[in-house]
Structure formats: C-alpha cells, structure tokens
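Participant:
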Amino acid sequence: MRKFGQRHHKVQNRRNQRIKKKLDNRLAALKAIDWPDKKKQKVDEVMIRDFMSSEESENEENCDARGPVKRKVLSLHWESRKLRKYKKELDAKYVSMVSRGAVRLMAPIARPDDAVSNRQVPADCPRWAVNDEEN
C-alpha cells in the first residue's frame, strides 16, 4: 500500500509541476508579447492556476522516465474561445522566445476532443473567460 501512495504522490507532484511551468511560461510570454496594456491586464487576471488546463502523461506510472513524454491536455469545458485563443497566442510567443534546443525538449501534446476536465468555473472568473453555455 505504501508503494502505491508514493507512486501517486510522484504522479501528482509531476502534474503540479507541469501546470506551474505552463503558467510561468505564459506569464513570461505575457510580459514580452506586443499587446495593448489593457489587453495584457485583462489576460493577466486569468493567468492563475485555476485557469490552466490539466495535462496527463501517456506514461504517468513511469515516474523515472527522462526526456519529453507525450502529454494529453484535458480541456476546460467552460473556457471561452477568446481565452483559449489568448492562451494559444501566449504559448506561441513563448516558443518563439526559447532556443531551438529547448523547443525540441518540449513534450509533444495531444488535445483529443473527448479529453475534458471536470473542474468547475473558478469563483472569480471574468465573464469574457467563460463560454456562453456556462453563463
């Protein structure tokens, strides 16, 4: 039983680290991107953990794997198209900021249509960040 608990802890720790890294990358891109200040402030409001999509590795059980492991993104069912577009732009900006070697080390990402997170809309979510079906 103890071995399962340790393995579960490692998996959760890796997931948390990936979300933190994604958030840090997007914040760095937000500082560097050429957007009007008003838009940057608007997007900065949602650059917190609650607004980051979850990710799962194809091989979560093998916590000792080295190098990039393919990941599956669990989309947020309540996320607006506008917010998704802004995140994609920030991700693209971040990729343009790092070296080719760093890009090669990034894990490939899959976004299957059926991979949806069950997380609910954050309490202080701005209206523009939520799709119309959730309002």
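For the sequence shown, our numbering gives the first residue as 7, with consecutive numbering after it. The beta carbon of each residue, even a glycine, is placed where N, CA and C say it ideally should be. Keep in mind that this is a model prediction, so the values were computed, not measured.
1. To which residues of the same chain is Cys-69 closer than 8 Å at the C-beta, ignoring the five residues directly before and after it?
2. Distance, Cα to Cα, Pro-128 vs Pro-114?
3. In chain order, what are the residue ranges of uninterrupted alpha helix (DSSP H) at least 4 long that sit wholly in the segment 84–141?
4. Identify every residue that forms a DSSP beta bridge with Arg-82.
5. Report the CB separation of Ser-81 from Ser-123 in whole angstroms; it is logged as a contact under 8 Å.
6. Taking Ala-121 as the reference, which of Glu-61, Asp-30, Lys-27, Asp-43 has the closest Cα?
7. What do you get for Lys-45, buried or exposed, if any count of 16 or more other CB atoms within 10 angstroms of its CB means buried?
8. What is the C-beta distance between Arg-24 and Leu-96, in whole angstroms, given that I count them as a contact (C-beta under 8 Å)?
9. Inspect the CB distances between the segment 48–57 and the segment 128–137 and report whether three or more fall short of 8 Å.
10. Could you give the distance in angstroms between the alpha-carbon of Asp-50 and the alpha-carbon of Val-104?
11. Three-state secondary structure (DSSP) at Met-7?
12. Which residue's Cα is closest to the Cα of Val-79: Ala-35, Met-58, Lys-27, Asp-138?
Facilitator: Concretely, from the data shown:
1. Per-residue confidence for Cys-69 stands at a pLDDT of 49, beneath the threshold of 50, marking its modelled position as unreliable; no derived number is given.
2. Roughly 28 Å separates the two Cα atoms.
3. 87–103, 106–111
4. Checking the displayed sequence, the identity of residue 82 turns out to be Leu instead of Arg. Answer by DSSP bridge pairing, in chain order: Ser-123.
5. 7 Å
6. Glu-61
7. exposed
8. Contact flag wrong, Cβ pair sits at about 16 Å.
9. yes
10. 21 Å
11. Bear in mind that the predicted position of Met-7 carries a pLDDT of just 46, short of 50, making it unreliable; the figure below should be weighed with that in mind. Coil at Met-7, not helix or strand.
12. Met-58
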